[in-house]
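*Asks:* Below is one structure. I have some questions about it.
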Amino acid sequence: MATDKFVARHIGPRDHEIDEMLKTIGAESMDVLIDQTIPSNIRLKKDLRLAKGLTERQYFRKILDIASKNKVYNTYIGMGYYDTITPAVIHRNVLENPVWYTSYTPYQAEISQGRLEALLNFQTVVIDLTGMEIANASLLDEATAAAEAMIMMFNSRSRAMAKAGANILFVDEKVWPQTRAVLETRAMPLGIELQFGNWNHYTPTDQHFGVIVQYPNSDGNIEDYKTLVEKAHLNECKIAVGADLLSLALLSPPGEWGADIVFGSSQRFGVPMGYGGPHAAFFAARESAKRHLPGRIIGITKDKNGNRALRMALQTREQHIKRERATSNICTAQALLATMASFYAVYHGAEGIKRIAAEIHSIASLLTQEIEKLGYQQLNENYFDTIRFAMAPHASVDLIEKYSLELKMNFRYFDNGDVGISIDETTNLEDINWILEVFARAACNEEPEIKDIPDICTIDGAYLRSSEYMQQEIFKRYRSETEMVRYIKKLERKDISLTHSMISLGSCTMKLNAATEMLPLSWIEFGGIHPFVPVDQAAGYHLLFAELKRDLAEITGFADISLQPNSGAAGEYAGLMVIRAYHQSIGEQQRNVVIIPSSAHGTNPASAVMAGMQVVVVKCDERGNIDVKDLKEKAEKHKETLACLMITYPSTHGVFEASVVEICEIIHTNGGQVYMDGANMNAQVGLTNPGLIGADVCHLNLHKTFAIPHGGGGPGVGPIGVAKHLVDFLPTHPVVQTGRKGISAVAAAPWGSASVMPITYGYIKMLGSDGLTKSTEVAILNANYLAHHLKEGYGILYTGEKGRVAHELILECRHLKASAGISELDIAKRLMDYGFHAPTLSFPVHGTLMIEPTESESLQELDRFIEALKEIYKEIKEIESGDVDREDNVLKNAPHPDYSVVSDTWSHSYGREKAAFPLEWVRDNKFWLSVARVDDAFGDRNLICACGTPEEYELLNK
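Note that full-length UniProt numbering has the sequence shown beginning at 1, numbered continuously upward.
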């Protein structure tokens with residue numbers, strides 16, 4: 001294998017090691033292994049029709065050429081997206097740092113204290129700026145956050161309102177158009193009626209449960225919603241406010257005038273526009289709503305020794321636990337982007353955030369004064385950053401657009417002929433004079449020359465903020481770059497990521513995120529583009545989209561792809577809505593039953609309910625496969641109302657079910673569609689595909705199979721592929737034409753999280769057809785290699801008909817509870833002492849560990865992991881034999897933090913060396929934990945989700 005080929009760098013085991021591994025597991029060749037693993041009737045007969053893999057140098061030239069086709073103009077369109085300055089210290093040390101972008105969702109709190117602190121800082125900023133009492137650690141984007149607010153208000157109606165059938169949400173007509181579109185998508189299947197209108201004319205009835213307004217509104221005007229809040233609350237209606245987070249440094253926060261929920265985007269806190277994403281939405285509410293809040297909440301608690309620790313609270317894996325009773329299908333957030341926004345706030349502090357906001361408003365006020373002198377009328381009475389002008393005599397929108405494009409600027413053009421300008425952090429004196437030149441030339445007036453920017457505030461005093469915010473010590477310390485980079489590194493050292501060791505999470509596919517794939521994310525040609533610019537300014541993006549969609553269609557066997565869904569859960573939802581729209585188009589509106597295996601991801605039933613469907617669960621047999629007899633009976637029973645089957649393939653149990661084609665045929669025979677969850681696509685690429693198997697829709701987790709990094713819990717991207725008869729129903733967008741006539745938008749931006757698409761594009765282009773196929777083969781080999789070594793002692797719960805697992809395996813741990821009192825949780829915590837992140841815990845089967853090694857892990861790393869688990873098994877046998885105390889042992893007390901090991905006091909019956917260095921090679925790369933086992937129950941009983949509060953001080957001194 002030529003070492004300049006990317007595949008040689010992406011795949012962990014060397015070719016000669018692959019041969020040895022095959023011998024070890026008893027397979028004569030890779031072909032034999034794959035034949036033993038994947039049913040022959042679903043194997044591809046031909047290689048993927050993709051180009052050969054590029055070297056990294058060849059790809060770099062290609063992506064440079066694509067980037068050069070994008071035009072980066074100064075853009076003043078606004079509408080929820082604004083240019084911003086990412087401090088270089090954050091750009092280099094967070095966005096470009098694999099410790100931050102390759103870490104996993106902090107389900108294992110003890111090895112996630114760094115990113116948990118960054119996310120807690122994010123929550124604190126949101127709580128302070130919005131004036132609310134509780135916030136989560138981010139959602140997908142502003143529009144979907146609005147939808148979550150709608151659903152939360154609907155689900156939390158009083159009993160009397162629910163009994164009366166209250167189902168109307170009033171939405172002010174001045175919300176962002178993309179927010180309106182996503183609300184329409186999400187409301188319809190839940191039976192929620194949307195009423196759009198002017199908030200001043202809103203009259204609540206007993207059928208209204210909530211209100212959503214924008215602050216400032218989509219025109220840029222600041223409205224006084226106090227009377228609206230009073231009116232709504234008198235009728236038991238809740239108020240949700242879509243707010244500009246930066247504006248709240250100057251404006252009275254919604255929490256102070258009675259809002260129940262505040263949501264929006266943190267994009268302008270140092271996160272590039274990226275042609276629409278990814279960006280971290282924020283979501284804040286009253287304390288009383290804490291158990292209804294969607295997404296993840298970071299809370300402060302203690303570890304077992306009483307020291308401060310952080311963890312995910314309350315909603316951790318809520319959709320997996322509650323399934324069809326979940327209040328949301330949210331599975332990923334935007335952790336990496338929320339982390340960047342939090343560091344931006346830490347770096348600037350309250351005074352810096354206020355200064356930025358004040359300068360933006362001063363420029364908007366200055367432009368208002370000067371442009372009005374040219375004969376235009378500014379229509380916003382009170383504004384923060386956005387000014388809207390009616391035309392001056394002799395001027396026209398066409399002329400303004402012509403002259404602005406000549407100077408490489410974009411404005412917002414309203415349907416009635418008005419022009420909008422939204423100022424951002426990057427706008428400077430030169431920009432001001434260019435803007436004035438355009439308006440002067442269009443009105444045939446002499447261009448004024450501005451030589452300085454005075455401090456101006458034209459906002460009515462009634463709207464100005466008087467309360468303080470961000471007064472915690474964390475927002476006062478780090479002003480110099482030296483101190484900031486040290487703080488970032490301090491948090492970084494508390495986290496395990498792929499830079500430390502393999503992360504063997506089953507069904508989460510923590511593979512290599514190659515540096516060459518990641519580099520273009522830092523380029524302004526991808527980051528500096530607003531999602532609503534004229535399409536010709538994003539020609540490079542659209543070339544990349546077209547090629548990526550063709551490649552993904554070839555890989556999946558589908559007719560077309562939508563790139564809009566911006567998470568796996570959003571892809572699930574979009575796929576179900578496409579199926580729903582198809583049934584309605586052929587007069588089958590009654591089809592609303594979704595059959596879901598009992599082993600399915602929890603997001604499956606949660607997404608089905610969000611799509612207005614009824615869940616019917618089908619049993620699995622003793623081998624972990626779908627019970628075909630039970631499936632057939634239920635499909636036939638519901639044949640008049642069957643909408644679809646949701647299936648994961650290979651199964652969530654890590655097995656290629658031989659009956660999958662028959663299963664799909666049963667569903668089709670009974671009038672349903674087949675939706676495939678793409679979580680395990682990593683085991684299909686190049687060997688089989690959803691189209692061949694018989695699926696009609698499949699979502700793809702680009703952050704799993706296609707190398708987009710997890711970033712501590714997002715960005716996730718979830719495009720959907722569809723068969724030919726479903727193409728016309730793919731998502732549309734209200735602002736930018738996507739070439740569709742299908743369902744309404746499922747995300748705020750037309751192409752979802754566009755700026756991370758180059759990662760997947762590069763992954764496919766550099767691996768090529770052969771490399772993609774080999775990646776799948778080695779993923780299957782690595783899993784079977786682990787299974788071979790671990791089956792003795794632990795046991796492998798499920799295998800296929802020929803004794804093979806797919807790309808992941810379920811490690812049996814339940815018998816150890818009975819024999820030694822050791823749970824799967826104890827094993828997971830003990831692995832931290834060896835420097836490993838735990839596998840997936842108690843999913844899909846309680847009491848087990850699900851392991852996925854991925855193709856990127858070397859034989860040496862696999863062997864280290866095996867040795868660690870075998871050594872842990874020995875430690876368990878010592879407990880079984882009575883040689884070690886059943887309570888005071890290395891597993892029950894794991895993990896062992898640094899402060900415990902170096903303490904002058906050591907009361908355990910085993911030595912410090914056994915605790916900290918159980919194997920000699922642990923010394924070479926020891927990961928020192930900063931906390932002991934975290935007390936989850938204490939944190940839930942005492943929910944504190946902001947730092948530096950009196951409540952935190954009181955909590956930690958109990």
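Quick reminder that beta carbons are idealized off the backbone N, C-alpha and C, glycines included.
Going straight from the alpha carbon of L730 to that of C698, what length do you get?
*Replies:* Using only the alpha carbons, I get a separation of about 12 Å.
*Asks:* Taking the alpha carbon of L44 as the reference point, which residue from E525, I663, E857, T773 has its own alpha carbon closest?
*Replies:* Selected option, being the one with the closest Cα: T773.
*Asks:* Considering only C-alpha positions, which residue in the set M470, G352, D883, I363 is nearest to L129?
*Replies:* The shortest C-alpha separation from L129 is found at M470.
*Asks:* Take N957 and list the residues in its own chain whose beta-carbon comes closer than 6 Å to its own, dropping the five residues that flank it on each side.
*Replies:* Nothing listed; no residue qualifies.
*Asks:* Please identify the residue among S365, L140, E256 whose C-alpha is closest to the C-alpha of G277.
*Replies:* Nearest of S365, L140, E256 to G277, Cα basis: L140.
*Asks:* Report the partner residues of D560 according to the DSSP bridge assignment.
*Replies:* In the DSSP output, where bridge partners are listed per residue, D560 has V722.
*Asks:* Here's a check: name, in chain order, each residue in its chain whose Cβ is nearer than 6 Å to the Cβ of P253, leaving out the five neighbours to either side.
*Replies:* Excluding residues within five positions, the ones whose Cβ falls inside 6 Å are T130, G131.
*Asks:* Could you check the C-alpha separation between T949 and L293 for me, to the nearest Å?
*Replies:* Answer to the nearest angstrom: the Cα atoms are 21 Å apart.
*Asks:* Near V922, what residues of its chain come up, given a Cβ to Cβ distance below 7 Å and the 5 sequence neighbours on each side ignored?
*Replies:* Contacts found: Y834, G835.
*Asks:* Would you list the residues sitting across from R311 in a DSSP beta bridge?
*Replies:* Partner(s): G299.
*Asks:* Going along the chain, which residues of its own chain have a beta-carbon closer than 7 Å to the beta-carbon of F938, five neighbours each way excluded?
*Replies:* Counting only Cβ-Cβ distances below 7 Å, and skipping sequence neighbours, we find T301, K302.
*Asks:* Per DSSP, what kind of secondary structure is T179 in: helix, strand or coil?
*Replies:* Helix at T179.
*Asks:* Let's test the definition: count the other Cβ atoms within 10 Å of the Cβ of K490 and tell me whether it reaches 16, buried, or not, exposed.
*Replies:* Exposed.
*Asks:* With respect to the alpha helix (DSSP H) encompassing R580, which residues constitute its N-terminal and C-terminal limits?
*Replies:* Run containing R580: 568 to 585, per the alpha helix (DSSP H) assignment.
*Asks:* Pick out whichever of S467, L405, D418 has its Cα sitting closest to the Cα of E437.
*Replies:* Looking at the Cα atoms, L405 is the closest of the given residues.
*Asks:* Using 8 Å as the cut-off, can you tell me whether the segment 854 to 864 makes contact with the segment 883 to 890, which would need three or more C-beta pairs spanning the two stretches below that distance?
*Replies:* The segment 854 to 864 is not in contact with the segment 883 to 890.
*Asks:* Using 10 angstroms around the beta-carbon of G718, count the other beta-carbons present and answer buried if the total reaches 16, otherwise exposed.
*Replies:* So G718 counts as buried.
*Asks:* Could you pull out every residue in the same chain whose Cβ sits closer than 8 Å to the Cβ of I356, ignoring the five residues on either side in sequence?
*Replies:* Here the set comprises L246, A249, H348, E425.
*Asks:* Exposed or buried, what is S158 when buried is set at 16 or more other beta-carbons lying within 10 Å of its beta-carbon?
*Replies:* S158 comes out exposed.
*Asks:* Where M1 and A8 are concerned, what is the direct C-alpha to C-alpha distance, given to the nearest angstrom?
*Replies:* Annotation note: pLDDT 44 at M1 (below 50); position unreliable, no value reported.
*Asks:* Taking the alpha helix (DSSP H) that M484 belongs to, which residues open and close that run?
*Replies:* Residues 481 to 492.
*Asks:* Out of curiosity, what's the CA-to-CA distance linking V609 and V616?
*Replies:* About 11 Å.
*Asks:* Assuming the contact rule is C-beta atoms closer than 8 Å, L809 and A783 should be a hit. Round their C-beta distance to whole Å, please.
*Replies:* The Cβ separation is near 5 Å, so the contact holds.
*Asks:* Using 10 angstroms around the beta-carbon of A51, count the other beta-carbons present and answer buried if the total reaches 16, otherwise exposed.
*Replies:* The residue is exposed, with fewer than 16 neighbouring Cβ atoms inside 10 Å.
*Asks:* Per DSSP, which one or two residues make a beta bridge with T848?
*Replies:* Paired residues: E812.
*Asks:* What would DSSP say about C664, mapped onto helix, strand or coil?
*Replies:* Helix.
*Asks:* Contact between the segment 217 to 226 and the segment 369 to 378: three or more CB pairs below 8 Å?
*Replies:* They do not touch, by the three-pair rule.
*Asks:* Which residue wins for smallest C-alpha separation from E517, given the options K637, A723, S755?
*Replies:* Of K637, A723, S755, the residue nearest in Cα terms is S755.
*Asks:* So does the segment 69 to 88 actually touch the segment 256 to 274, counting three or more Cβ pairs closer than 8 Å?
*Replies:* Contact between the segment 69 to 88 and the segment 256 to 274 is present, because at least three Cβ pairs lie under 8 Å.
*Asks:* Let's test the definition: count the other Cβ atoms within 10 Å of the Cβ of A88 and tell me whether it reaches 16, buried, or not, exposed.
*Replies:* Burial call: exposed.
*Asks:* Would you grab the beta carbon distance between P534 and H653 for me? Rounded to a whole angstrom, and I think it's under 8 Å.
*Replies:* Not quite, the Cβ-Cβ distance comes to about 49 Å (not below 8 Å), so this is no contact.
*Asks:* Near E230, what residues of its chain come up, given a Cβ to Cβ distance below 8 Å and the 5 sequence neighbours on each side ignored?
*Replies:* Closer than 8 Å at the Cβ level, and outside the excluded window around E230, lie G258.
*Asks:* I want to know whether the segment 135 to 149 touches the segment 181 to 193 - three or more CB-CB distances under 8 Å.
*Replies:* At 8 Å Cβ cutoff, the stretches touch.
*Asks:* Measuring alpha carbon to alpha carbon, tell me which of D19, H16, Y101, D936 ends up nearest L498.
*Replies:* Out of D19, H16, Y101, D936, Y101 has the C-alpha closest to the C-alpha of L498.
*Asks:* Name the DSSP beta bridge partners of H208, please?
*Replies:* DSSP lists I168 as partners of H208.
*Asks:* Select from Y649, G671, H668 the residue whose C-alpha is nearest the C-alpha of D677.
*Replies:* Among Y649, G671, H668, the Cα nearest to that of D677 belongs to Y649.
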